[in-house]
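Asker: Would you mind keeping the following structure in view while I ask a few things?
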Amino acid sequence: MILDARIPEGPIEKKWENAKFGYKLVNPANKRKFDIIVVGSGLAGGAAAATLAELGYNVACFCYQDSPRRAHSIAAQGGINAAKNYQGDGDSVYRLFYDTVKGGDYRSREANVYRLAQVSRNIIDQATAMGVPFAREYGGTLANRSFGGAQVSRTFYARGQTGQQLLLGAYAGLSRQINSGKVTMFTRHEMLEMVTHEGRAVGIVTRDMVSGKIESHAGHSVLMATGGYGNTFYLSTNAMGCNVTAAYRAYKKGAGFANPCYTQIHPTCIPVSGDYQSKLTLMSESLRNDGRIWVPKNKEDCKKKPEQIAEEDRDYYLERKYPAFGNLVPRDVASRNAKLMCDEGRGVGATGFGVYLDFADAIGRLGKNLVEERYGNLFEMYERITGDDPYTTPMKIYPAVHYTMGGLWVDYNLQSTVDGLFVLGEANFSDHGANRLGASALMQGLADGYFVIPYTLGNYLGSEKPEKLSTDHAVFKDAEKSCKDRIEKLVSIDGKRTVDSFHKELGLIMWEHCGMARNESGLKKALELIPALREEFWKDVKVPGSGANLNQSLEKAGRVADFLEFGEIMCRDALTRDESCGGHFREEHQTEEGEALRVDERFSHAAVWEYKGEGNEPTRHEEPMTFEHVKFSSRSYK
Amino acid sequence: MSRTMNLTLNVWRQKDSKDSGEFEKYTEECKDISEHMSFLEMLDVVNERLIEKGKLPIAFDSDCREGICGTCSMVINGRPHGPWKKTTACQLHMREYKDGDVLYIEPWRAKSFPVLQDLMVDREALDSIVQAGGYISTNCGSAPDANSIQIGKEISDAAMDAAACIGCGACVAACPNSSAMLFTAAKLSHMNTLPQGKPEVAKRTIAMVEAMDKAGFGNCSNHLECEAACPKDIKATVIAEMNRGYAKASLLKR
Numbered sequence: 000m001i002l003d004a005r006i007p008e009g010p011i012e013k014k015w016e017n018a019k020f021g022y023k024l025v026n027p028a029n030k031r032k033f034d035i036i037v038v039g040s041g042l043a044g045g046a047a048a049a050t051l052a053e054l055g056y057n058v059a060c061f062c063y064q065d066s067p068r069r070a071h072s073i074a075a076q077g078g079i080n081a082a083k084n085y086q087g088d089g090d091s092v093y094r095l096f097y098d099t100v101k102g103g104d105y106r107s108r109e110a111n112v113y114r115l116a117q118v119s120r121n122i123i124d125q126a127t128a129m130g131v132p133f134a135r136e137y138g139g140t141l142a143n144r145s146f147g148g149a150q151v152s153r154t155f156y157a158r159g160q161t162g163q164q165l166l167l168g169a170y171a172g173l174s175r176q177i178n179s180g181k182v183t184m185f186t187r188h189e190m191l192e193m194v195t196h197e198g199r200a201v202g203i204v205t206r207d208m209v210s211g212k213i214e215s216h217a218g219h220s221v222l223m224a225t226g227g228y229g230n231t232f233y234l235s236t237n238a239m240g241c242n243v244t245a246a247y248r249a250y251k252k253g254a255g256f257a258n259p260c261y262t263q264i265h266p267t268c269i270p271v272s273g274d275y276q277s278k279l280t281l282m283s284e285s286l287r288n289d290g291r292i293w294v295p296k297n298k299e300d301c302k303k304k305p306e307q308i309a310e311e312d313r314d315y316y317l318e319r320k321y322p323a324f325g326n327l328v329p330r331d332v333a334s335r336n337a338k339l340m341c342d343e344g345r346g347v348g349a350t351g352f353g354v355y356l357d358f359a360d361a362i363g364r365l366g367k368n369l370v371e372e373r374y375g376n377l378f379e380m381y382e383r384i385t386g387d388d389p390y391t392t393p394m395k396i397y398p399a400v401h402y403t404m405g406g407l408w409v410d411y412n413l414q415s416t417v418d419g420l421f422v423l424g425e426a427n428f429s430d431h432g433a434n435r436l437g438a439s440a441l442m443q444g445l446a447d448g449y450f451v452i453p454y455t456l457g458n459y460l461g462s463e464k465p466e467k468l469s470t471d472h473a474v475f476k477d478a479e480k481s482c483k484d485r486i487e488k489l490v491s492i493d494g495k496r497t498v499d500s501f502h503k504e505l506g507l508i509m510w511e512h513c514g515m516a517r518n519e520s521g522l523k524k525a526l527e528l529i530p531a532l533r534e535e536f537w538k539d540v541k542v543p544g545s546g547a548n549l550n551q552s553l554e555k556a557g558r559v560a561d562f563l564e565f566g567e568i569m570c571r572d573a574l575t576r577d578e579s580c581g582g583h584f585r586e587e588h589q590t591e592e593g594e595a596l597r598v599d600e601r602f603s604h605a606a607v608w609e610y611k612g613e614g615n616e617p618t619r620h621e622e623p624m625t626f627e628h629v630k631f632s633s634r635s636y637k
Numbered sequence: 000m001s002r003t004m005n006l007t008l009n010v011w012r013q014k015d016s017k018d019s020g021e022f023e024k025y026t027e028e029c030k031d032i033s034e035h036m037s038f039l040e041m042l043d044v045v046n047e048r049l050i051e052k053g054k055l056p057i058a059f060d061s062d063c064r065e066g067i068c069g070t071c072s073m074v075i076n077g078r079p080h081g082p083w084k085k086t087t088a089c090q091l092h093m094r095e096y097k098d099g100d101v102l103y104i105e106p107w108r109a110k111s112f113p114v115l116q117d118l119m120v121d122r123e124a125l126d127s128i129v130q131a132g133g134y135i136s137t138n139c140g141s142a143p144d145a146n147s148i149q150i151g152k153e154i155s156d157a158a159m160d161a162a163a164c165i166g167c168g169a170c171v172a173a174c175p176n177s178s179a180m181l182f183t184a185a186k187l188s189h190m191n192t193l194p195q196g197k198p199e200v201a202k203r204t205i206a207m208v209e210a211m212d213k214a215g216f217g218n219c220s221n222h223l224e225c226e227a228a229c230p231k232d233i234k235a236t237v238i239a240e241m242n243r244g245y246a247k248a249s250l251l252k253r
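Taken in order, these protein sequences are the chains called X and Z. Residues 0 to 637 in numbering that gives the first Met the number 0 are what the first sequence spells out, letter by letter. Residues 0 to 253 in numbering that gives the first Met the number 0 are what the second sequence spells out, letter by letter.
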């Protein structure tokens, strides 16, 4: 496997410009001769599909949801970063770049991150032009808020529904292209297989989730914008349907998978309430702007009501330990500290796995109305789920799996190790290193979809001039057959255990051994437990119904089967990365105060896993990460 | 202390869009339900028990389970998304119910929303309305600096109020005429209120209203059930706005 990052020549601020000038173009009359497959319709996929269609390409876009408007980008609450410096508070492209590389704990590719910071400004312009109702000041200009890991105010937002509004913007653009006939939309279609021919991506196989029909789709190039793999943990803030299947199928067809162990645990989620729990709900990080996080100083106070605990008996531990950033430390730091407090026995709530997020000060300072205006919908959501009113009693929060920084390896052009397969958004690995800063996921998804892929894909098509195969070709027929065989096998096992019971068990293994803190013996244990569970799954899973019609159990079974393989790669990656960095915390590598300790001389690289066939261990490759601009330092938010 | 309950569920079961469908009653599978469960988690538990007995689970749509994606869609005791105001079915929690309660759970019922299986319906008709004109025709790359368009906070807030629609279709399910006017009018209000949307107001309004009619949705006769059912609190005043806009646009067209 060759990992050529194809980083353009020149100084960092000129790289993207130089690259664009060097790219081959496809003339407007020829664009209509190319068919592009886009899998996923979230911010990255939706923006890419719409923009490529605007340019004149023929696009087929696929999503598992019943409408492209429902992709999980919609759930992002807090905002989107952009280096606009509208506040005049010292922001710049360079500062956003710097914050992102540092926030990612020096495990991202500088050139990609710089480009991301550059195009961030265009995203706000584009979204505004498309009618995204960003929050405004009374004077009519755009408003900003602050987010974790930054000391400037650069986050644009639309109440607590920024992801929704940005996705509806992309969806509007996509709808316009569907109307014009340039995009053919396939909803309730799930990608089950990637099809390659002579090392090139030539199409996909999907299952129509209503009719059960297995269908092949051929194109000149395949774009995957299929999101992250957080649901490997069963419980996460992801939507129920989010899965790794598309990315994992691409991996099995030769696409390298980078840094699968990098998962982001979000510090502010509603704690688990019981074993029936189906998902975890995030409370936006923006709440940390005004909310203060604390636990009781004394264990004995943990079972008291919060209002019975005197001010001097409260430990505002983030403010105490990190006076410079206080409650706005990056996510990994906030999450780990919450875990530390609970492990010390100072956690609150019925399970003891919770910390308080308190708005009493903010309500006193700003008044209830302003707090309501800023966070009203989040407070309502919290109250609906827990029955507690955050205006009168502090919220209880605990970290939960939220985002995955790892993903399919891509070069500067977003192309994977398979020619013609491009990967966008959360599904790729490049921009966030080992930890993503808040409000940067929306930025990256839209950057990839609106402003990067339209150029880099043109270069691929213009210089490689790939052929489109017929779906009658043997590679498609073989892929269809393997999908059908697998479905047949899943429905015919007829064992005793439900799909969900396996998924929950896998999730517990992952959370216990590959969650917020990891160590060698735990990871080794997980590497024994997962294959055993997988074996049991293929012997004893019960999937009612057949593959010939709508069958939700079957959909889940296919996804869980892939999680059961993928979880093993995550653990393997976590075991080999013998250092702590960002969201990957190895207990063997920490300072006396419990901060993460990187081992730069051994691990300043992306670890890229190559599939080596059924039953064989995958091979680990490395792409070195070099830092010419942001010098290594231990991240300090004190 | 956490409370549990035993329920009786009458759930609409329908094999596919051709099947006529009927209610099926469940009691054994609905015992010991915790008050802390969400409504959909309660259905998850019932489904696990059905599968263990070798029966087919109840098919229902859900995805984000935090009230924003608009996927979940079921009528609970006659009310789309159930009894809580401004709340989707996925956010409804079982502390609403007590031991012995009898519940009827049905899919959205509307001619334009064919049932796919059990509680799942096809809502592509809503997408077709947006595709007809629910956008601002601007290509990527041609946008001016975002602050060059100044928009008063009140206008921006009003657009956001309408833009909050999650496209779930509860308004259609609640309406005796199966009208999609609240949905269509919300999208129109969002786009037509903003200065960026002004150049296409007439074209957009006519196209979306015509697409709505073409998709077979009924008309508005002021029952306001849509507003009551809307999980995002979209106000029915947008419908009046749309009707005025449509009348004006139609006159201009002539």
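Every residue gets a Cβ at the ideal spot worked out from N, C-alpha and C, and that includes glycine. Because the structure is a prediction, the values reported are computed rather than measured.
(1) Given residue 507(X), which residues of its chain have a CB within under 8 Å of its CB, disregarding the five upstream and five downstream residues?
(2) So is residue 139(Z) in contact with chain X if we call contact Cβ pairs under 8 Å?
(3) Given a threshold of 16 other Cβ atoms within 10 Å of its Cβ, counted over all protein chains shown, does residue 124(X) qualify as buried or as exposed?
(4) Using a Cβ-Cβ distance under 8 Å, would residue 548(X) count as near chain Z?
(5) Taking the C-alpha atoms as reference points, what is the distance between residue 537(X) and residue 290(X)?
(6) Would you mind stating whether residue 597(X) and residue 104(X) have Cβ atoms separated by less than 8 Å?
(7) Flag residue 296(X) as yes if its beta-carbon sits less than 8 Å from any beta-carbon of chain Z, otherwise no.
(8) When you compare the CB of residue 2(Z) with every CB in chain X, is at least one pair closer than 8 Å?
(9) At what residues does the alpha helix (DSSP H) containing residue 154(Z) begin and finish?
(10) Do you know offhand how far residue 339(X)'s Cα is from residue 592(X)'s?
(11) To the nearest angstrom, how far is the alpha carbon of residue 475(X) from that of residue 412(X)?
(12) Should the region 186-205 of chain X be called in touch with the region 7-27 of chain X, which here means at least 3 C-beta pairs below 8 Å?
(13) With DSSP collapsed to three states, give me the class of residue 27(X).
(14) What does residue 238(X) reach in chain Z if we use C-beta pairs closer than 9 Å?
(15) What did DSSP end up calling residue 196(X) once you bin it into helix, strand or coil?
(16) Give a single yes or no on whether residue 581(X) has its beta carbon closer than 7 Å to a heavy atom of the ligand GDP.
(17) Comparing the C-beta of residue 465(X) with each C-beta of chain Z, is any distance below 8 Å?
(18) Rounded to whole angstroms, what is the Cα-Cα separation between residue 436(X) and residue 72(X)?
(19) For residue 270(X) and residue 571(X), what's the separation of their Cα atoms in angstroms?
(20) Within 10 Å of its beta-carbon, does residue 647(X) have 16 or more other beta-carbons around it, so buried, or fewer, so exposed?
(21) Provide the residue(s) that pair with residue 501(X) in DSSP beta bridges, ordered along the chain.
(22) Mind listing the chain X neighbours of residue 204(Z)? Cutoff is C-beta to C-beta under 8 Å, in chain order.
(23) Can a CB atom of chain X be found closer than 8 Å to the CB of residue 13(Z)?
(24) Is it right to say residue 27(X) is buried, meaning 16 or more other beta carbons lie within 10 angstroms of its own, or is it exposed?
(25) Using 8 Å for Cβ pairs, my map puts residue 10(Z) next to residue 107(Z). What's the rounded Cβ distance?
(26) Which residue comes first and which comes last in the alpha helix (DSSP H) that contains residue 336(X)?
(27) Out of curiosity, what's the CA-to-CA distance linking residue 400(X) and residue 153(X)?
(28) Rounded to the nearest angstrom, what separates residue 29(X) and residue 419(X) at their Cα positions?
(29) Which chain X residues are close to residue 50(Z), counting only those with a beta carbon under 9 Å from its beta carbon?
(30) List, from N- to C-terminal side, the alpha helix (DSSP H) runs of 4 residues or more that fit wholly inside the region 441-511 of chain X.
(31) Name the chain Z residues whose beta carbon is nearer than 8 Å to that of residue 164(X)?
(32) Please list the partners that residue 146(Z) has in chain X, where partner means a Cβ-to-Cβ separation under 7 Å.
(33) How about residue 402(X) and residue 227(X): do their beta carbons lie closer than 8 Å?
(34) Quick one: using the 10 Å Cβ neighbour count with 16 as the cut-off for buried, is residue 618(X) buried or exposed?
(35) Once DSSP output is grouped into helix, strand and coil, what is the label at residue 639(X)?
(36) Restricting to runs no shorter than 4 residues, where is the alpha helix (DSSP H) found entirely within the region 132-170 of chain X?
Answerer: Once the coordinates are examined:
(1) If we look at residue 507(X) and ignore the five residues flanking it on each side, its Cβ neighbours are 233.
(2) The beta-carbon of residue 139(Z) is placed less than 8 Å from the nearest beta-carbon of chain X.
(3) Residue 124(X) comes out buried.
(4) Chain Z contact via Cβ: present.
(5) Taking the straight line from one Cα to the other gives about 47 Å.
(6) Taking 8 Å as the Cβ cut-off, residue 597(X) and residue 104(X) qualify as a contacting pair.
(7) At a cut-off of 8 Å between beta-carbon atoms, residue 296(X) makes no contact with chain Z.
(8) Between residue 2(Z) and chain X, the shortest Cβ-Cβ separation is not below 8 Å.
(9) Looking at the DSSP string, the run of the alpha helix (DSSP H) that includes residue 154(Z) is 152-162.
(10) Between residue 339(X) and residue 592(X), the alpha-carbon positions lie close to 11 Å from each other.
(11) The straight-line gap from Cα to Cα measures roughly 27 Å.
(12) In short, these stretches do not touch, since the Cβ pair count stays below three.
(13) Note: residue 27(X) maps to helix in three-state DSSP.
(14) Here the neighbours are 61, 62, 63, 64, 65, 68 and 70.
(15) The three-state reading of DSSP puts residue 196(X) in strand, counting E and B together.
(16) With respect to the ligand GDP, the structure offers nothing, as it holds no ligand at all.
(17) No Cβ of chain Z is located within less than 8 Å of the beta carbon of residue 465(X).
(18) One Cα belongs to residue 436(X), the other to residue 72(X), and the distance between them is close to 16 Å.
(19) Distance between residue 270(X) and residue 571(X), taken at the CA atoms: about 28 Å.
(20) As shown, chain X starts at 0 and ends at 637. That puts residue 647(X) outside it, with no answer to give.
(21) Bridge pairing for residue 501(X): absent [DSSP].
(22) Within 8 Å Cβ-Cβ: nothing; residue 204(Z) doesn't reach chain X, min ~15 Å.
(23) No - not a single Cβ of chain X is within 8 Å of the one on residue 13(Z).
(24) Classification of residue 27(X): exposed, given that the 10 Å Cβ count is below 16.
(25) Going by Cβ atoms, the distance from residue 10(Z) to residue 107(Z) rounds to 14 Å, so no, they are not a contact pair.
(26) Its alpha helix (DSSP H) spans residues 330-342.
(27) Here the alpha carbons of residue 153(X) and residue 400(X) stand approximately 25 Å from one another.
(28) Residue 29(X) and residue 419(X): Cα-Cα distance of roughly 18 Å.
(29) The contacting residues are 497, 498, 499, 541, 542, 543 and 552.
(30) Qualifying alpha helix (DSSP H) stretches, in chain order: 452-463 and 473-492.
(31) Per Cβ cutoff of 8 Å: 159 and 162.
(32) For the C-beta of residue 146(Z), the chain X residues within less than 7 Å are, from N- to C-terminus, 85, 140 and 141.
(33) Judged by their CB atoms, residue 402(X) and residue 227(X) are nearer to each other than the 8 Å cut-off.
(34) The residue is exposed, with fewer than 16 neighbouring Cβ atoms inside 10 Å.
(35) The requested residue 639(X) does not occur in the structure, where chain X is confined to residues 0 to 637.
(36) The qualifying runs do not exist here; there are none.
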